[in-house]
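The sequence shown begins at 1283 in my numbering and counts up by one. Below: the structure, in structure tokens.
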Amino acid sequence: MTGAPWNLSGRGVVAVYGGREVGALMLVRYAQSGVGPYDELLWVSLTGKPQVTRIVVSTQQSVVWGRRNWAIPKSRADFAWEGVPGREQVRVTQDGRLLAYLSVQAWGPSVPVTTAVVPAAWRTLTQPPLPEAEDRASLLTTVSASGWVQPARLSVIGGDVHPALLHRRPLLTVAVPDFRMMFPLARVRPA
């Protein structure tokens, strides 16, 4: 069974950007999920209601069930990692095209964090219907998570996952060396 909810665990990095398009670039390595381990690179638009607008993952199972469960527009890509956690580089390619070449460096002590103190509206994804959806309603998913964060630097060395990121610096970047997250059953947005 790969339907919702999913309880996920893993590690990653989150870089928050300001400017015309406020959002977050996230690079994640899931050790556990509803479909087993997989890697993920995504852009969450934070202008208005939070929405995943671009996302690639390393397994087809994650593509299928992420689209079906939460209307997240996942597509498949290949992830090539070098280095060790906290000091690594990753190349993300799709059909031979470089989507992202990223460098991550984390340092300093880790501190605990939880989304329990964040208003639900700020952690609720509003995903419009995908082209294959039978129901033309948006889906709402209120995510919860806890874990540890530490200061980090994420450098976008190349690629076109989000072209503006090559020329912008994040306002805040944190490494998340260990987290637990829950993606519940999505709710249909009232018309």
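Note that beta-carbon positions come from the ideal geometry of N, C-alpha and C, so glycine has one too.
To which residues does DSSP link residue 1297 through a beta bridge?
Per DSSP, 1307, 1455.
Output needed for residue 1360: all residues of its chain with C-beta closer than 6 Å, excluding positions within five of it in sequence on either side, in chain order.
The residues are 1375.
Are the beta-carbon atoms of residue 1327 and residue 1300 separated by less than 7 Å?
No.
Suppose you measure from the CA of residue 1303 to the CA of residue 1329; what does that come to, to the nearest Å?
One C-alpha to the other measures close to 6 Å.
Cβ separation of residue 1468 and residue 1422, assumed to be a contact under 8 Å, to the nearest whole Å:
By a beta-carbon distance limit of 8 Å, residue 1468 contacts residue 1422. Their separation comes to about 6 Å.
Buried or exposed: residue 1472, going by 16 or more other Cβ atoms within 10 Å of its Cβ?
Exposed: under 16 other Cβ atoms inside 10 Å.
Helix, strand or coil for residue 1404 per DSSP?
Residue 1404 carries a helical assignment under DSSP once its states are collapsed to helix, strand and coil.
Which residues DSSP lists as bridging residue 1384, in chain order
The partner list for residue 1384 (beta bridge, DSSP) reads 1372, 1438.
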